[in-house]
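Residue numbers (the numbering used here): 0 to 320. Using N, Cα and C, we set each Cβ at its ideal position, and we do this for glycine too. Here the structure is a predicted model, which means the values were calculated and not measured.
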């Protein structure tokens, strides 16, 4: 047997063993080889770096704060990282790496992931380095913004997530805002769009972040959809954050604005009732949006760092007891 054939066998055996979870006996039968031969191939694959095995989970966590957040806010799980060095960009990347590992640990072959948008989730996807392929499905939950470059980033976010798992992706090729109810009905009947919406409704893992309410920040593209009167109304209602395009106050109440009735995609109730609703957010500006989302039950799992978590408690006015 040539060297090339030997290398190909090592790769095939490694894929079957590490990605497909087949036993050595099953691989031996599939490749018409002995179990001893398969064992040697797998050993050689590791020694020659064909397989790279790493142990994840090297993050220090603040167990005490995690317990407080789970008890006080009824979270299924809180992941709060401790002792993160460096500035805010480095802290965000560390939280994103921890989030990528956490997400990988809960995914199964039956997972359907509904994903939001934004810089935080982009960083999470950039940090994903799974050691296996999974036949999962990744789907976009709300329509596209009126910004070509932002839309391309958003679609690429869904595609890249799916790509690292060798999975299928489903973009929602529809505008974020639809003024006409009849247009919404027509669009829902378009095969590709209707199929994506139905798949989104079946999602069992939701990945989100929360946006902060700042009408002066021109980087927040949602603001471009608001008229002067709507901006004033949201300010008067005490808006603190954004969740899948919906504004909410510090108690997590979705606010009354015309914009919410025009959004094309899943409703808030359809999102938060999923089995896993994971919010990744980090930074001082995110403290109040996180607090409102916690009060409103807009998440089941929170992934952040201890500085952000402490700022949330400060905003609440209830420090550690």
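Distance check for residue j and residue i, CA to CA, integer angstroms please.
| i | j | result |
| --- | --- | --- |
| residue 103 | residue 156 | 16 Å |
| residue 105 | residue 265 | 23 Å |
| residue 140 | residue 171 | 7 Å |
| residue 164 | residue 15 | 15 Å |
| residue 250 | residue 6 | 59 Å |
| residue 83 | residue 36 | 46 Å |
| residue 46 | residue 38 | 12 Å |
| residue 95 | residue 71 | 24 Å |
| residue 136 | residue 12 | 26 Å |
| residue 258 | residue 236 | 15 Å |
| residue 295 | residue 270 | 13 Å |
| residue 275 | residue 298 | 8 Å |
| residue 197 | residue 43 | 46 Å |
| residue 267 | residue 73 | 19 Å |
| residue 255 | residue 233 | 8 Å |
| residue 26 | residue 107 | 22 Å |
| residue 24 | residue 41 | 13 Å |
| residue 199 | residue 304 | 29 Å |
| residue 176 | residue 226 | 14 Å |
| residue 316 | residue 183 | 43 Å |
| residue 8 | residue 151 | 39 Å |
Here's the rule: buried if 16 or more other CB atoms are within 10 angstroms of the residue's CB, otherwise exposed. What is residue i?
| i | result |
| --- | --- |
| residue 168 | buried |
| residue 33 | exposed |
| residue 208 | buried |
| residue 179 | exposed |
| residue 191 | exposed |
| residue 310 | buried |
Within the continuous beta strand (DSSP E) that includes residue i, where are the two ends?
| i | result |
| --- | --- |
| residue 113 | 111-114 |
| residue 235 | No beta strand (DSSP E) holds residue 235; the alpha helix (DSSP H) holding it covers 227-235. |
| residue 31 | Residue 31 -> no beta strand (DSSP E), and no H or E assigned at all. |
| residue 239 | 238-242 |
| residue 312 | No beta strand (DSSP E) holds residue 312; the alpha helix (DSSP H) holding it covers 305-315. |
| residue 245 | 245-248 |
Measure from the alpha carbon of residue i to the alpha carbon of each residue in the options, then state which is nearest.
| i | options | result |
| --- | --- | --- |
| residue 153 | 163, 162, 142 | 142 |
| residue 87 | 66, 77, 122 | 122 |
| residue 240 | 271, 293, 26, 226 | 293 |
| residue 101 | 231, 314, 60, 227 | 60 |
| residue 280 | 90, 40, 58 | 90 |
| residue 134 | 9, 99, 166 | 166 |
| residue 99 | 287, 118, 127 | 127 |
| residue 158 | 245, 113, 62, 287 | 113 |
| residue 161 | 188, 144, 186, 125 | 125 |
List the endpoints of the continuous alpha helix (DSSP H) containing residue i.
| i | result |
| --- | --- |
| residue 38 | 34-46 |
| residue 291 | 286-294 |
| residue 104 | 87-105 |
| residue 121 | 118-125 |
| residue 205 | Not the alpha helix (DSSP H): residue 205 falls in the beta strand (DSSP E), residues 204-207. |
| residue 258 | 257-261 |
For residue i and chain C, any beta-carbon pair shorter than 7 Å?
| i | result |
| --- | --- |
| residue 33 | Reference to chain C is not applicable here, since this structure consists of a single protein chain. |
Check: Can you give, in chain order, each stretch of the alpha helix (DSSP H) that sits fully within the segment 130-215 and has at least 4 residues?
Finding: Whole alpha helix (DSSP H) segments, 4+ residues: 147-163, 180-188, 190-200.
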